[in-house]
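Student: Sharing a structure with you now.
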Amino acid sequence: MKSLRSQLLVSHILPLVILLPLLGLILLYVIETQVLLAGLTEDLARQATFLAELAAEQQDIFVNRDEGESFARETGAQSQRYVSLYGADGNEWVVVVEDDAPDAAEPSATELEALKVGRVQTRAVLSVDLAQTTAEAFAPVLNAQQRLIGIVRVTEHIDRVNARLTQIRLLILGSTLGALVLAVGLGTYLARRTSQRLERVTYAIGGLAHGEPISEATERMPIEFRAAFDAVGDLQTRLRESEETRKRLLANLVHELGRPLGALQAAIHALQQGADREPALREELLQGMDGQVERLKPLLDNLASLHGGLSSALTLHRAPTDLNTWLPQILVGWREAAEQKHLAWVEEIQPNLPPVNMDANRMAQVIGNLLSNAIKYTPEGSGKIRVLAERRDNEILIAIHDTGVGISQQDMEQIFDPFYRGQNARFPQGMGLGLAIAREIVDAHGGRLCAVSELGTGSRFEVFLGL
Ligand code: ADP
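Sequential numbering of the sequence shown, starting at 513, is according to the working numbering.
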């Protein structure tokens, strides 16, 4: 019983094996008692009444036993049934004793009482053995004063009376057996089919795990199996995505750490080989090293945010913030960075903006990531960065425009995915985390971060925060 198939077989077949014979027996009982026996006993009662009327005209048959016997034999021969006579006290008077005659049975006390008041009595003795199943009728023989002077009993074997009964029994037995065979066959077929389908699902799931496409057979599966299959499919897609994310993370990390580490190592070698003896050169190298370490900081910040933000629920420390003082403060550093790259810088901050309930540090990280990108992806000396802050109905919009390289339509769909870096190969891209983290933070504030861009013209990133 270890295999599912055998369990399915038992569950498909067992109830039928129990139910079908039971149904056959019930059917047999109903047909015999309600149809055949009822008809037979009625017939016997009619005949017994007729014989009782005949006996009432020949009352001697209850005085002279020989006459009684010839009456019983003659009427029995005529009707082809067993006729017996009983006294008014219910005792045997003339009983036909032949090999195949049914067992003699005297009327019971209650039957006798009913007979005394002129009522015909019938009974059926059911038995599994057809030869023993009998039906009989007792009819009272009354004299002119309506007093009981004797009883006529007509008995019949049910199988002799109705040969159809055997046929019916055989028919029911045969059809029960036939139904059983059919049920076992059908149950076996269904159990096999179910277990084969399960096997197919298992193989298909195995195939899916190895990247095989969904087969046509799987498409036709019942919905329950399909649901299991779809769930595994989703799981597999998520696994693949997370595997891709992991690969991108590693590739980006190697790329991002490689550059500053290479520069640091080169500077250290130069110092080891005597560059430290020239104060001006030493100063330049040390500043360069400092700059490289400085470049690693935002990388670490973003990685730390990734750990705390993208992997678990982001906790915000919100406070009402006055944008008119907060925004210029955080823009100072970025303005300097833009100027170093000889980019034009425009700030358009609407005066008297209402305070926004936000986590100022997290939001500074958002603006920082957007501005860092705007500066990074705008070619040196020929562009403009524009920061805009204004009220739009019940929201505050902070927008960052650049006139840089722009983003292709294809990249646009993925730039907010963690570790996704666009195809701007000629620009030194970062970890591909900045936008994912920015969107995460804006979402946590209940706001929206949108991007509009055209390749070669520039990009606009918009942060909407509710008031
Ligand atoms: P990265 O660290 O690579 O800049 P981001 O998540 O900040 O990662 O950005 C994802 C990608 O979106 C970038 O690799 C770049 O291709 C594109 N991108 C983001 N901002 C801009 C922008 N202002 N101009 C052009 N491309 C941008």
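A virtual CB, placed ideally from N, CA and C, is assigned to each residue, including glycine.
What is the DSSP secondary structure of residue 971, counted as helix, strand or coil?
Tutor: The count along the sequence shown starts at 1 and reaches residue 971 at position 459. Correct three-state label for residue 971: strand.
Student: Which one of 571, 586, 519, 647 has the shortest CA to CA distance from residue 499?
Tutor: Summary: the structure shown does not reach residue 499, with the chain confined to residues 513 through 979, and so no result is reported for it.
Student: With the cut-off set at 8 Å, would you say residue 695 and residue 528 are in Cβ contact?
Tutor: The sequence position of residue 695 within the sequence shown is 183, counting from 1. The sequence position of residue 528 within the sequence shown is 16, counting from 1. Yes, they are a contact pair.
Student: Among 545, 569, 587, which one has its Cα closest to the Cα of residue 559?
Tutor: Working through the sequence shown from its first residue, we reach residue 559 at position 47. Minimum Cα distance to residue 559 is reached at 587.
Student: Within 10 angstroms of its Cβ, does residue 831 collect 16 or more other Cβ (buried), or is it exposed?
Tutor: Sequence index remark: in the sequence shown, residue 831 carries index 319 (1-based). The residue in question, residue 831, is exposed, as its Cβ has fewer than 16 Cβ neighbours within 10 Å.
Student: Is the CB-CB distance between residue 548 and residue 677 below 8 Å?
Tutor: Mapped onto the sequence shown, residue 548 falls at position 36. Mapped onto the sequence shown, residue 677 falls at position 165. Yes, they are a contact pair.
Student: Can you find a heavy atom of the ligand ADP that lies under 7 Å from the Cβ of residue 914?
Tutor: Numbered from its first residue, the sequence shown carries residue 914 at position 402. Because some heavy atom of the ligand ADP lies under 7 Å away, the Cβ of residue 914 counts as near it: yes.
Student: Is it the case that the CB of residue 932 approaches a heavy atom of the ligand ADP more closely than 7 Å?
Tutor: By 1-based counting over the sequence shown, the position of residue 932 is 420. Yes; taking the cut-off as 7 Å, the Cβ of residue 932 has a heavy atom of the ligand ADP nearer than that.
Student: Could you tell me the distance, in whole angstroms, from the CA atom of residue 652 to the CA atom of residue 684?
Tutor: Start at 1 with the first residue of the sequence shown, and residue 652 comes out as number 140. Start at 1 with the first residue of the sequence shown, and residue 684 comes out as number 172. Spanning the two alpha carbons is a distance of roughly 38 Å.
Student: Roughly how many angstroms separate the alpha carbons of residue 881 and residue 962, rounded to a whole number?
Tutor: For this step, residue 881 is matched to residue 369 along the sequence shown. For this step, residue 962 is matched to residue 450 along the sequence shown. Those two C-alpha atoms are separated by around 14 Å.
Student: List the residues that DSSP assigns as beta-bridge partners of residue 976.
Tutor: Start at 1 with the first residue of the sequence shown, and residue 976 comes out as number 464. Beta-bridge pairing links residue 976 to 909, 960.
Student: Where does residue 823 sit, in a helix, a strand or coil, going by DSSP?
Tutor: As a first step, residue 823 must be located in the sequence shown, where it is residue number 311. Its pLDDT being 45, under 50, residue 823 is placed unreliably in this model, and the coordinates cannot settle the point.
Student: Taking only runs of the beta strand (DSSP E) that begin and end inside the region 741 to 786, which ones reach a length of at least 3 residues, in chain order?
Tutor: Correct list: empty.
Student: Take the Cβ of residue 762 as the centre, count every other Cβ of all protein chains shown within 10 Å, and call the residue buried at 16 or more, exposed below.
Tutor: Along the sequence shown, read from residue 1 onward, the residue named residue 762 stands at position 250. With fewer than 16 Cβ atoms within 10 Å of its Cβ, residue 762 is classed as exposed.
Student: Check each candidate in 899, 904, 524 and name the one with the smallest Cα separation from residue 911.
Tutor: On the sequence shown, position 399 is the one that residue 911 refers to. Looking at the Cα atoms, 899 is the closest of the given residues.
Student: Cβ of residue 841 within 8 Å of Cβ of residue 902?
Tutor: Here residue 841 refers to the residue found at position 329 of the sequence shown. Here residue 902 refers to the residue found at position 390 of the sequence shown. No; because the gap between Cβ atoms is not below 8 Å, this pair is not in contact.
Student: Can you give me the C-alpha to C-alpha distance between residue 926 and residue 803, rounded to a whole angstrom?
Tutor: Here residue 926 refers to the residue found at position 414 of the sequence shown. Here residue 803 refers to the residue found at position 291 of the sequence shown. Computed Cα separation, rounded: 31 Å.
Student: Residue 597 by DSSP, collapsed to three states: which one?
Tutor: Your numbering for residue 597 matches position 85 in the sequence shown. Of the three classes helix, strand and coil, the one that applies to residue 597 here is strand, per DSSP.
Student: The alpha helix (DSSP H) with residue 587 in it runs from where to where?
Tutor: In the sequence shown, the residue the question calls residue 587 occupies position 75. Per DSSP, residue 587 belongs to the alpha helix (DSSP H) from 577 to 591.
Student: Can you give me the C-alpha to C-alpha distance between residue 562 and residue 595, rounded to a whole angstrom?
Tutor: In the sequence shown, the residue the question calls residue 562 occupies position 50. In the sequence shown, the residue the question calls residue 595 occupies position 83. Looking at the two C-alpha atoms, the distance is approximately 12 Å.
Student: Leaving out the 5 sequence neighbours to the left and right, which residues in its chain are closer than 6 Å to residue 593 when beta-carbon positions are compared?
Tutor: Counting from 1 along the sequence shown, the entry for residue 593 is found at position 81. Excluding positions up to five away in sequence, the list reads 666, 668.
Student: How is residue 801 classed by DSSP in three states: helix, strand or coil?
Tutor: Numbered from its first residue, the sequence shown carries residue 801 at position 289. Correct three-state label for residue 801: helix.
Student: Within the continuous alpha helix (DSSP H) that includes residue 888, where are the two ends?
Tutor: Start at 1 with the first residue of the sequence shown, and residue 888 comes out as number 376. From DSSP, the alpha helix (DSSP H) with residue 888 extends over 872 to 888.
Student: Three-state secondary structure (DSSP) at residue 856?
Tutor: Taking the first residue of the sequence shown as position 1, residue 856 is located at position 344. Strand, per DSSP.
Student: Got a sec, what are the start and stop residues for the alpha helix (DSSP H) residue 521 sits in?
Tutor: Residue 521 sits at position 9 when you count from the first residue of the sequence shown. Counting along the chain, the alpha helix (DSSP H) containing residue 521 begins and ends at 516 to 542.
Student: By Cβ distance, which residues of its chain are closer than 8 Å to residue 823, with the 5 residues on each side in sequence left out?
Tutor: To locate residue 823, count along the sequence shown from 1; it is residue 311. Residue confidence for residue 823 is low, a pLDDT of 45 falling below 50, so the modelled location carries little weight; the figure read from the coordinates is stated next. Nothing meets the Cβ criterion.
Student: When you measure from the CB of residue 922 to every non-hydrogen atom of the ligand ADP, does any distance come out below 7 Å?
Tutor: Here the question's residue 922 lines up with position 410 in the sequence shown. The answer is no for residue 922.
Student: With a threshold of 7 Å, establish whether the CB of residue 889 neighbours any heavy atom of the ligand ADP.
Tutor: Looking up residue 889 in the sequence shown gives position 377. Yes, the ligand ADP has a heavy atom inside 7 Å of this Cβ.
Student: By alpha-carbon positions, which one of 974, 970, 737 ends up nearest to residue 711?
Tutor: For the purposes of this step, residue 711 is taken as the residue at position 199 of the sequence shown. Measuring from the Cα of residue 711, the nearest candidate turns out to be 737.
Student: Run the CB neighbour count on residue 915, radius 10 Å, all protein chains shown included, and call it buried at 16 or more, exposed below.
Tutor: Counted from its first residue, the sequence shown places residue 915 at position 403. So residue 915 counts as buried.
Student: From residue 888 to residue 713, what distance separates their C-alpha atoms?
Tutor: As a working note, residue 888 is residue 376 in the sequence shown. As a working note, residue 713 is residue 201 in the sequence shown. If I take the Cα positions, the gap works out to 51 Å.
Student: Give the range of the beta strand (DSSP E) segment to which residue 569 is assigned.
Tutor: Your numbering for residue 569 matches position 57 in the sequence shown. Careful: residue 569 lies outside any beta strand (DSSP E), inside the alpha helix (DSSP H) at 550 to 569.
Student: Under 6 Å Cβ to Cβ from residue 871, same chain only, skipping five residues before and after it: list those, please.
Tutor: By 1-based counting over the sequence shown, the position of residue 871 is 359. Excluding positions up to five away in sequence, the list reads 828, 829, 830.
Student: Who are the near neighbours of residue 846 in its chain, counting only those whose CB is closer than 6 Å to its CB and skipping five residues on each side?
Tutor: Mapped onto the sequence shown, residue 846 falls at position 334. Excluding positions up to five away in sequence, the list reads 883.
Student: Kindly examine the ligand ADP and report whether one of its heavy atoms sits closer than 7 Å to the Cβ of residue 878.
Tutor: Here residue 878 refers to the residue found at position 366 of the sequence shown. Residue 878: no, Cβ never under 7 Å from the ligand ADP.
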